[in-house]
Amino acid sequence: MIDAPGPWASGPFTLVEGRSIISTEPVVTDGEDRTWLQTEDRSPTVRLRANPHYWDRVRGPRVREVEFRNDVDRRRALDLVCDTVGEVDIVTEVPHREAERVRRSRHARLVAVDSVRALAGAIDRGVDGLPLDDVRARRALNLAVDRSALVRDLFGGHARPLAGLTPPTPLTALHRAPGRLRPYPYDPSRAARLWQAAGGGSRPLRLAAMTDWEAVAHAVAAQWHTVLGLAVEVRILRSDEEQREARRRQAAKEPRDWDVLLLEQGSQSADVPPLELHRAFVGRSGEFRAGPVDPKFERLFDHLRSRRSQLWQVLAANRLDRYVTDQALALFLVAPRVLYAVNERVDFQPYATTFELADTSVRRGHWSLR
Amino acid sequence: MTLLQRLAGSARREPRGTLRVVDPNPLNWLYITYNTVEEPVRVTRRGKVRPAAMSSYRWRGSRTMEIRVRPGGRFADGTSLDACSVHRSFTEQTRWHSPHPPGTHFNIDPRTRAEVVDERTVRLHLPEPDGLVLGKLRATHVMSERFWRDLGFGYARDETGEGHW
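Heads up: the protein sequence lines correspond to chains A and B, in order.
Per the working numbering, the very first residue in the first sequence carries number -7; after that it's consecutive.
Per the working numbering, the very first residue in the second sequence carries number 27; after that it's consecutive.
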């Protein structure tokens, strides 16, 4: 992270005002492995200016200046981009429930991107009172979820059912092709049979979720209750401190007060999603792993790491994904599309894994050109 | 600027206009970095890893990755970006046990030795095969000498780079 403005690097822009940094707290995930809990610290304004030395003349930068407004909260920002001109040009991470409002707005349009993100549940495979160490029970939880209904009712169509932990994007099609990896179907009768065969539960299942996924948690809980006859206690982690504490305990493998925790996790590239997705949920050093280390997963991950050719990496990633899916080592829900509200005079070029503005430009009539 | 020049990418269209952005994503600190800093590789709009500060790479055997640095590279302060810049970034990174906020999974094996072969060539000699190293280079931020001297990743503030890359 860049602590202060200066001509420090060679990217398309230069930081000329403000800061967007984090303070970090280490958590040991396994042996020598660490992850870091993060707390944001942003100045009210962060300003970037085009770097005249940037080498990629075709890519950009195409705008002279970018001003990040950190003095405006998300709700107010949506009002400004939808209803005014010159205050806000782009709002990222638009909640799916607000998509229609943006689409109907006077000044903004909705841009949706197939990102490399997965909304999935970490399943605690070591709890008492529930048979979550039994693959039949974990499959039952997956078979009892109607992903199409989630996509339709809660995401307005802006999500895709998750097959394994590899989000379906054009670049990950090959990762999912061998073995025809498909999402768990919604199969209530098979789910109920498997849940009973695994012994059912002697207590309610505790389902936790971050605030953004509250509606998803309630929908999943209702489906489990209906299909499996399972009592589900939903807990929403609302405050920053609650979320932080849950992440800390989970990463450090300390006792937890949930059985399934819904999380959204992304990958910084589509080339090898297991580095950030499968490893995080299942791997030895995984910050979301809840349950014992899985030796076969570790062997498959080591195999992936040993491959240098991209084709062999894709095949190794597919084997890993099929194993994680077959063993139901997570609750696979959906890959949400990332939504942006963008001023109608901005030619926004979104990225599937990050937020970069080198290729984005403004059109004739934009407020800053008048 | 003629259409031909533009198609050939040899002429830069002058940047124009201002964008005002509200980004609630908690990874905004990382996006500010990616908008201002280059790494040996970047990730395309669709999510593919591609050369950035480097122009190409190749494996020499199973444990040595050879990086060719882009010719004529410059930092925003006008100084040159060359093989020594990439070597310095790699060396600075390996000073720390866990420099990257996501965690140690982005570490390149600390036993790796970086060798400057010439002005444009760096070789990474890995102790064992690691096919994920290309993607991990996305976390190796290539910075100017002035950055390392005056600021560093948390060095000026916290006197450590742990968790601040």
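Yeah, the Cβ is synthetic: ideal placement off N, Cα and C, and Gly gets one too.
These figures come from a predicted structure and were not determined experimentally.
Practice item. Output, in chain order, the set of chain A residues within a Cβ distance shorter than 9 Å of Asp156 (chain B). Key: Here residue 156 (chain B) refers to the residue found at position 130 of the second sequence. Neighbours of Asp156 (chain B) on chain A, chain order: Arg297, Ser298, Arg300.
Practice item. Starting from the beta carbon of Thr186 (chain B), find every residue of chain A whose beta carbon is closer than 8 Å, and list them in chain order. Key: Your numbering for residue 186 (chain B) matches position 160 in the second sequence. Going along chain A, no residue has its Cβ under 8 Å from Thr186 (chain B), so there is no contact; the nearest lies around 10 Å.
**Study point:** Buried or exposed (CB count within 10 angstroms, at least 16 for buried), Val137 (chain A)
**Key:** Along the first sequence, one-based indexing puts residue 137 (chain A) at 145. Buried is the label assigned to Val137 (chain A), since at least 16 other Cβ atoms lie within 10 Å of its Cβ.
Review point. Just reading off the beta strand (DSSP E) that Ser81 (chain B) is part of, what are its end residues?
Key: Sequence index remark: in the second sequence, residue 81 (chain B) carries index 55 (1-based). Counting along the chain, the beta strand (DSSP E) containing Ser81 (chain B) begins and ends at 80 to 86.
Check your understanding: Does DSSP put Gln341 (chain A) in a helix, a strand or coil?
Key -> By one-based count along the first sequence, residue 341 (chain A) stands at place 349. Correct three-state label for Gln341 (chain A): coil.
**Study point:** Minimum Cβ-Cβ distance from Pro97 (chain B) to chain A less than 7 Å
**Key:** If you number the second sequence from 1, residue 97 (chain B) lands on position 71. Not closer than 7 Å to any Cβ of chain A, the Cβ of Pro97 (chain B) fails to qualify, so no.
Review point. Among B:Gly187, B:Asp144, B:Glu171, which has the Cα closest to the Cα of Arg96 (chain B)?
Key: Stepping through the second sequence from its first residue, residue 96 (chain B) is reached at position 70. Residue nearest to Arg96 (chain B) within the set B:Gly187, B:Asp144, B:Glu171 is B:Asp144 (criterion: CA-CA distance).
Exercise for review: Evaluate Leu361 (chain A) with the Cβ neighbour count: other Cβ atoms within 10 Å of its Cβ, from every protein chain shown; 16 or more gives buried, anything less gives exposed.
Suggested key: Taking the first residue of the first sequence as position 1, residue 361 (chain A) is located at position 369. The C-beta of Leu361 (chain A) has fewer than 16 other C-beta atoms within 10 Å across all chains shown, which makes the residue exposed.
Review point. Is any beta-carbon of chain A found at less than 7 Å from that of Pro66 (chain B)?
Key: The count along the second sequence starts at 1 and reaches residue 66 (chain B) at position 40. Among the CB atoms of chain A, none fall inside 7 Å of the CB of Pro66 (chain B).
Point to revise | Where Glu141 (chain B) sits in the DSSP three-state scheme | key: Residue mapping note: residue 141 (chain B) aligns to position 115 of the second sequence, counting from 1. Glu141 (chain B) falls in the strand class under three-state DSSP.
**Study point:** Residues near Ala344 (chain A) by beta carbon distance below 8 Å, same chain, minus five either side
**Key:** What you label residue 344 (chain A) is simply residue 352 of the first sequence in a count that begins at 1. Here the set comprises Val105, Asp106, Ser107, Val108, Thr161, Leu163, Ala262.
Check your understanding: For Glu336 (chain A) versus Arg101 (chain A), is the C-beta spacing smaller than 7 Å?
Key -> Locating residue 336 (chain A) in the first sequence gives position 344, where the first residue counts as 1. Locating residue 101 (chain A) in the first sequence gives position 109, where the first residue counts as 1. Their beta carbons are under 7 Å apart, which means Glu336 (chain A) touches Arg101 (chain A) by this criterion.
Review point. What in chain B is Cβ-close to Pro162 (chain A), meaning under 8 Å?
Key: For the purposes of this step, residue 162 (chain A) is identified with residue 170 of the first sequence, where counting begins at 1. Those are Arg72, listed as they occur along chain B.
Check your understanding: Which whole-angstrom value describes the C-beta separation of Glu225 (chain A) and Pro196 (chain A), a residue pair presumed to lie in contact below a C-beta threshold of 8 Å?
Key -> For the purposes of this step, residue 225 (chain A) is taken as the residue at position 233 of the first sequence. For the purposes of this step, residue 196 (chain A) is taken as the residue at position 204 of the first sequence. Rounded, the Cβ-Cβ distance is 5 Å, consistent with contact.
Review point. Just the Cα atoms here: how many angstroms apart are Ala155 (chain A) and Arg114 (chain B)?
Key: Here the question's residue 155 (chain A) lines up with position 163 in the first sequence. Here the question's residue 114 (chain B) lines up with position 88 in the second sequence. Rounded to the nearest angstrom, the two C-alpha atoms are 41 Å apart.
Practice item. With distances taken Cα to Cα, identify the nearest neighbour of Tyr178 (chain A) among A:Leu122, A:Leu267, A:His167, A:Leu142. Key: Reading the first sequence from its first residue, position 186 is the one you call residue 178 (chain A). Ranking A:Leu122, A:Leu267, A:His167, A:Leu142 by Cα distance to Tyr178 (chain A) puts A:Leu142 first.
**Study point:** 9 Å Cβ cut-off: residues of chain B touching Met(-7) (chain A)
**Key:** Locating residue -7 (chain A) in the first sequence gives position 1, counting from the first residue. Neighbours of Met(-7) (chain A) on chain B, chain order: Trp55, Leu56, Ile58, Thr59, Pro127, Phe179, Gly180, His190, Trp191.
Review point. Candidates A:Glu206, A:Ala110, A:Arg41: which alpha carbon is nearest Arg54 (chain A)'s?
Key: As a first step, residue 54 (chain A) must be located in the first sequence, where it is residue number 62. Nearest option by C-alpha distance: A:Arg41.
Review point. If we call anything under 7 Å between Cβ atoms a contact, is Arg241 (chain A) one with Arg42 (chain B)?
Key: Within the first sequence, numbered from 1, the residue matching residue 241 (chain A) stands at position 249. Within the second sequence, numbered from 1, the residue matching residue 42 (chain B) stands at position 16. No, the pair does not count as a contact, with Cβ atoms beyond the cut-off.
Exercise for review: Could you round the C-beta distance between Ala140 (chain B) and Phe116 (chain B) to whole angstroms and report it? I think they count as a contact, below 8 Å.
Suggested key: Here residue 140 (chain B) refers to the residue found at position 114 of the second sequence. Here residue 116 (chain B) refers to the residue found at position 90 of the second sequence. Right, their Cβ atoms sit about 5 Å apart.
Check your understanding: CB-CB under 7 Å to Glu32 (chain A), same chain, minus the five flanking residues each way: which ones, in chain order?
Key -> Taking the first sequence and counting its residues from 1, one reaches residue 32 (chain A) at position 40. The answer, listed in chain order, is Ile14.
Review point. Roughly how many angstroms separate the alpha carbons of Glu188 (chain B) and Trp122 (chain B), rounded to a whole number?
Key: In the second sequence, the residue the question calls residue 188 (chain B) occupies position 162. In the second sequence, the residue the question calls residue 122 (chain B) occupies position 96. If I take the Cα positions, the gap works out to 6 Å.
Check your understanding: When the Cα atoms are used, what is the spatial distance from Leu133 (chain A) to Val334 (chain A)?
Key -> As a working note, residue 133 (chain A) is residue 141 in the first sequence. As a working note, residue 334 (chain A) is residue 342 in the first sequence. Near 38 Å, if we compare the C-alpha coordinates of Val334 (chain A) and Leu133 (chain A).
Practice item. Could you tell me whether the stretch 296 to 309 of chain A touches the stretch 106 to 126 of chain A, using the rule of 3 or more Cβ pairs below 8 Å? Key: Under the 8 Å Cβ criterion, the stretch 296 to 309 of chain A does not count as touching the stretch 106 to 126 of chain A, having fewer than three qualifying pairs.
Review point. Alpha carbon to alpha carbon, how far is Trp28 (chain A) from Arg239 (chain A)?
Key: Sequence index remark: in the first sequence, residue 28 (chain A) carries index 36 (1-based). Sequence index remark: in the first sequence, residue 239 (chain A) carries index 247 (1-based). Inter-residue distance for Trp28 (chain A) and Arg239 (chain A) is about 10 Å (C-alpha atoms, whole angstroms).
Check your understanding: So Ala213 (chain A) packs on Leu199 (chain A), CB below 8 Å; how close in whole Å?
Key -> Indexing the first sequence from 1 puts residue 213 (chain A) at position 221. Indexing the first sequence from 1 puts residue 199 (chain A) at position 207. Between Leu199 (chain A) and Ala213 (chain A) the Cβ distance is about 5 Å, and since that is below 8 Å, they are a contact.
Exercise for review: Using the Cα positions of Gly87 (chain B) and Gly129 (chain B), report the straight-line distance between them to the nearest angstrom.
Suggested key: Residue mapping note: residue 87 (chain B) aligns to position 61 of the second sequence, counting from 1. Residue mapping note: residue 129 (chain B) aligns to position 103 of the second sequence, counting from 1. Using only the alpha carbons, I get a separation of about 28 Å.
Exercise for review: Whole angstroms is fine: what's the gap from Arg95 (chain A)'s alpha carbon to Phe147 (chain A)'s?
Suggested key: Taking the first residue of the first sequence as position 1, residue 95 (chain A) is located at position 103. Taking the first residue of the first sequence as position 1, residue 147 (chain A) is located at position 155. The C-alpha of Arg95 (chain A) lies about 14 Å from the C-alpha of Phe147 (chain A).
Check your understanding: What residue range is occupied by the uninterrupted alpha helix (DSSP H) comprising Tyr60 (chain B)?
Key -> On the second sequence, position 34 is the one that residue 60 (chain B) refers to. Here the alpha helix (DSSP H) through Tyr60 (chain B) covers 54 to 62.
Point to revise | Cross-chain neighbours of Ser231 (chain A) in chain B, by beta carbon under 9 Å | key: Translated into the one-based positions of the first sequence, residue 231 (chain A) becomes position 239. Going along chain B, no residue has its Cβ under 9 Å from Ser231 (chain A), so there is no contact; the nearest lies around 15 Å.
Check your understanding: So, is Glu246 (chain A) buried or exposed, given that buried needs 16 or more other C-beta atoms within 10 angstroms?
Key -> Position 254 of the first sequence, counted from the first residue, corresponds to residue 246 (chain A). Its Cβ having fewer than 16 others within 10 Å, Glu246 (chain A) is exposed.
Exercise for review: Output the distance between the C-alpha atoms of Pro153 (chain A) and Gln257 (chain A), rounded to the nearest integer angstrom.
Suggested key: As a first step, residue 153 (chain A) is located in the first sequence; it is residue number 161 there, counting from the start. As a first step, residue 257 (chain A) is located in the first sequence; it is residue number 265 there, counting from the start. Cα to Cα, Pro153 (chain A) sits roughly 15 Å from Gln257 (chain A).
Practice item. Check whether the Cβ atoms of Arg271 (chain A) and Ser124 (chain B) lie closer than 7 Å to each other. Key: What you label residue 271 (chain A) is simply residue 279 of the first sequence in a count that begins at 1. What you label residue 124 (chain B) is simply residue 98 of the second sequence in a count that begins at 1. With a cutoff of 7 Å on beta-carbon distance, Arg271 (chain A) and Ser124 (chain B) are scored as not near each other.
Review point. Along the stretch 58 to 89 of chain A, what residues have a CB closer than 7 Å to any CB found in chain B?
Key: For chain B, the residues of the stretch 58 to 89 of chain A that bring a beta carbon within less than 7 Å of one of its beta carbons are Val58, Glu59, Phe60, Arg61, Val64, Arg66, Ala69, Glu79, Val80, Asp81, Ile82, Val83, Thr84, Glu85, in chain order.
Exercise for review: Work out the CA separation of Trp216 (chain A) and Pro180 (chain A) for me, nearest whole Å.
Suggested key: Here residue 180 (chain A) refers to the residue found at position 188 when the first sequence is read from its first residue. Here residue 216 (chain A) refers to the residue found at position 224 when the first sequence is read from its first residue. If I take the Cα positions, the gap works out to 9 Å.
Review point. Helix or strand or just coil, what does DSSP make of Glu171 (chain B)?
Key: By 1-based counting over the second sequence, the position of residue 171 (chain B) is 145. Here DSSP, grouped into helix, strand and coil, assigns Glu171 (chain B) to helix.
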